[in-house]
Amino acid sequence: MDNFAIFYENFLDPRKRICLLYLGSALFISFVWLLVLKRSTIKETIENCFSRQIWWSTTARQDYLLFFLNKLFSVFVANAWLSSTVATFAVFEWLHAVIPFRPSLELSPALVMTIFTLCLFIFDDVTKYVVHWMLHNIPCLWAFHKVHHSAVSLTPLTIFRTHPIEILIFSLRSIAVRAILIASFIFIFGEGVDLITVLGVNIGLFIFHLLGSNLRHSHIYLSYWVWLEKWLISPAQHQLHHSADPNHHGTNLGITLAVWDRLCGTLLIAPKNLSLSFGFVGEEQKRVGTLRYVYWDSFLESLSSVRNFINRGRLI
Numbered sequence: 018m019d020n021f022a023i024f025y026e027n028f029l030d031p032r033k034r035i036c037l038l039y040l041g042s043a044l045f046i047s048f049v050w051l052l053v054l055k056r057s058t059i060k061e062t063i064e065n066c067f068s069r070q071i072w073w074s075t076t077a078r079q080d081y082l083l084f085f086l087n088k089l090f091s092v093f094v095a096n097a098w099l100s101s102t103v104a105t106f107a108v109f110e111w112l113h114a115v116i117p118f119r120p121s122l123e124l125s126p127a128l129v130m131t132i133f134t135l136c137l138f139i140f141d142d143v144t145k146y147v148v149h150w151m152l153h154n155i156p157c158l159w160a161f162h163k164v165h166h167s168a169v170s171l172t173p174l175t176i177f178r179t180h181p182i183e184i185l186i187f188s189l190r191s192i193a194v195r196a197i198l199i200a201s202f203i204f205i206f207g208e209g210v211d212l213i214t215v216l217g218v219n220i221g222l223f224i225f226h227l228l229g230s231n232l233r234h235s236h237i238y239l240s241y242w243v244w245l246e247k248w249l250i251s252p253a254q255h256q257l258h259h260s261a262d263p264n265h266h267g268t269n270l271g272i273t274l275a276v277w278d279r280l281c282g283t284l285l286i287a288p289k290n291l292s293l294s295f296g297f298v299g300e301e302q303k304r305v306g307t308l309r310y311v312y313w314d315s316f317l318e319s320l321s322s323v324r325n326f327i328n329r330g331r332l333i
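Our numbering puts the first residue of the sequence shown at 18, with every later residue one more than the last.
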């Protein structure tokens, strides 16, 4: 196998968020938004989409470096010990042990596939919200998640501006979600299950990415109608989540659906025509926005939070 495949496959694989197909659709949506709805000139639109100040800023260059470093780490984690197959088998055996009877539901394969696809999409999204909430509200985890929020310029590759510990946490979450659902469906329906897919991708995620998921990490402030932002997180809402304004901190924690934010009181509807700055303020940005913080200071800060928890007996 090509030694560099782990890097360039992200741009070719439809299962990856930064696949060229999704980057192209995000660019198309940006042009339509700016030219048609915002009445920008072609020159202004091009400058907005391809600003050197954004794509070659200090934190953007760090994003590109972390993209390579984190891909290497992800491969190590995947090859070392994380196995969704083993986890699925363990859950299946546990269900056999705790439930004395085996359900026998006979539904058409198409209906089972539809239910499984919908359940996986919803369960995946709600668990992402829960983990994201924990990353923001548990100090020892926030120390690691700060890395992602230290981006002053947002580009599609900011998604890779992630601490290795956070990568590990989300990998475990993904494995748990798939293991629980796959094992449960096999236990209930007695046969293998499959997803409704487009180009090998869960149809829900395919639509999510095709409709501009990459604009969430961008400077294109694209908001939805108010009623729709109560159900789906818009790019503008996620940009509010990255805002340096303390009033915006901890809001819009959802990935795709806004329902979880609405239920938990963290939903913030995007104001129209708002100018945002990202990252942290003052000395905190200088401290957190460095590679030293990623690979050293974040661990010290997290350990300090654990010590504080032990001393006062409070996690949050």
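For each residue, glycine too, the CB sits at the ideal point set by N, CA and C. Remember, it's a predicted structure, so these values are computed and weren't measured experimentally.
Cut-off 7 Å between Cβ atoms - residues of its own chain near residue i, not counting five sequence neighbours on either side
i	result
V143	W277
S101	I192, R195 and A196
I182	F161
G217	P31 and R32
R279	K247
Test item: CB-CB of residue i and residue j under 8 Å
i	j	result
C157	S322	yes
L54	T62	no
K247	A275	yes
G209	S121	no
F187	V148	yes
V169	S315	no
S47	I237	yes
F24	N87	no
I199	T105	yes
DSSP three-state assignment for residue i, whether helix, strand or coil
i	result
L249	strand
F140	helix
S321	helix
T273	coil
T214	strand
N264	helix
F67	coil
F28	helix
S121	coil
F297	coil
N328	helix
Same chain only: Cβ atoms within 8 Å of residue i, ignoring 5 sequence neighbours per side
i	result
N219	T134, L137, F138, L212 and I213
A74	Looking at the sequence provided, one finds Ser at residue 74 rather than Ala. Excluding positions up to five away in sequence, the list reads V169 and S170.
L152	L158, W159, F161, H162, E183 and I186
I272	D142, K145, Y146, H149 and I250
G267	H153, N154 and T283
Residue i versus the options, residue with shortest Cα-Cα distance
i	options	result
R5	I23, R32 and L83	The shown model of the chain, from 18 to 333, leaves out residue 5, and the question about it has no answer.
R233	C36, A22 and A43	A43
H180	W159, L171, T172 and I199	W159
R78	G306, F106 and F28	G306
L37	S201, G229, E110 and R69	G229
T172	H265, Y241, F204 and Q70	Q70
A22	C66, Y39, F85 and G41	F85
M130	F202, V103, P252 and V92	F202
R190	L293, F140, V115 and L174	F140
L40	L227, P126, P117 and L128	L227
Buried versus exposed, by CB contacts within 10 Å (16 or more), residue i
i	result
N269	buried
N154	exposed
N231	buried
Q254	buried
Q256	buried
S68	exposed
G49	Residue identity differs from the one stated: residue 49 is Val in this sequence, not Gly. Exposed is the call here.
Own chain, CB closer than 6 Å to residue i, minus 5 neighbours either side, in chain order
i	result
E26	none
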